[in-house]
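Participant:
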Amino acid sequence: MFVRKLRVEWAGTSGERHACPVAWLDSFALRNLTGHTVFDDILPIGHGLLEAGLRVPLDVLRAEMEDCFRGKGYLGAEDRLVIEEKDSPAADSGDRTAS
Numbered sequence: 010m011f012v013r014k015l016r017v018e019w020a021g022t023s024g025e026r027h028a029c030p031v032a033w034l035d036s037f038a039l040r041n042l043t044g045h046t047v048f049d050d051i052l053p054i055g056h057g058l059l060e061a062g063l064r065v066p067l068d069v070l071r072a073e074m075e076d077c078f079r080g081k082g083y084l085g086a087e088d089r090l091v092i093e094e095k096d097s098p099a100a101d102s103g104d105r106t107a108s
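Position in the sequence shown (first residue = 1) + 9 = my numbering.
Pasting the structure below:
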């Protein structure tokens, strides 16, 4: 549905990464109370996987998700989220004809 495929993982103090359960992602997507309408452009598609539109800023998404997950008790104070693009859209989608 959306152009970007994102991997969403949480890391504890050991640094080991774990895919965020789809229930966590659903709770953020369905109950997002941040006031940021850009988060209307996210869709959980599985454990640790989101689809997102191009206008979703990953740094803001990560910070808002961390706050939400800490508030729900999913993450501890030392845990952190890692959000990475799985498949990036082409860097240059402009016209490639010779001039």
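C-beta atoms are modelled at their ideal positions from N, C-alpha and C, and glycine is treated no differently. Treat the numbers as computed from the prediction; the structure is a model and nothing was measured.
Using the three-state DSSP reduction, which class does residue 93 fall into: helix, strand or coil?
Facilitator: Here residue 93 refers to the residue found at position 84 of the sequence shown. If DSSP states are grouped into helix, strand and coil, residue 93 belongs with the strands.
Participant: Would residue 107 be called buried (16 or more neighbouring beta carbons within 10 Å of its own) or exposed?
Facilitator: Within the sequence shown, the letter at position 98 stands for residue 107. Residue placement at residue 107 cannot be trusted, given a pLDDT of 39 that sits under 50; what the coordinates show is reported in the next sentence. Residue 107 should be labelled exposed.
Participant: How about residue 57 and residue 16: are their beta carbons less than 7 Å apart?
Facilitator: As a working note, residue 57 is residue 48 in the sequence shown. As a working note, residue 16 is residue 7 in the sequence shown. Going by C-beta atoms, residue 57 is nearer than 7 Å to residue 16.
Participant: Between residue 66 and residue 31, is the Cβ-Cβ spacing less than 7 Å?
Facilitator: Mapped onto the sequence shown, residue 66 falls at position 57. Mapped onto the sequence shown, residue 31 falls at position 22. Contact: no.
Participant: Check whether the Cβ atoms of residue 20 and residue 89 lie closer than 7 Å to each other.
Facilitator: Stepping through the sequence shown from its first residue, residue 20 is reached at position 11. Stepping through the sequence shown from its first residue, residue 89 is reached at position 80. Against a cut-off of 7 Å, the Cβ pair of residue 89 and residue 20 comes out as a contact.
Participant: Going by other Cβ atoms of all chains shown within 10 Å of its Cβ, with 16 needed for buried, is residue 25 buried or exposed?
Facilitator: The sequence position of residue 25 within the sequence shown is 16, counting from 1. It is exposed - the Cβ of residue 25 has fewer than 16 other Cβ atoms within 10 Å.
Participant: What residue does the beta strand (DSSP E) around residue 17 start on, and which one ends it?
Facilitator: Mapped onto the sequence shown, residue 17 falls at position 8. 13–20 is the span of the beta strand (DSSP E), which, as asked, contains residue 17.
Participant: Between the Cα of residue 13 and those of 79, 75, 64, 76, spot the shortest distance and give me the residue it belongs to.
Facilitator: Locating residue 13 in the sequence shown gives position 4, where the first residue counts as 1. Answer by Cα proximity: 64.
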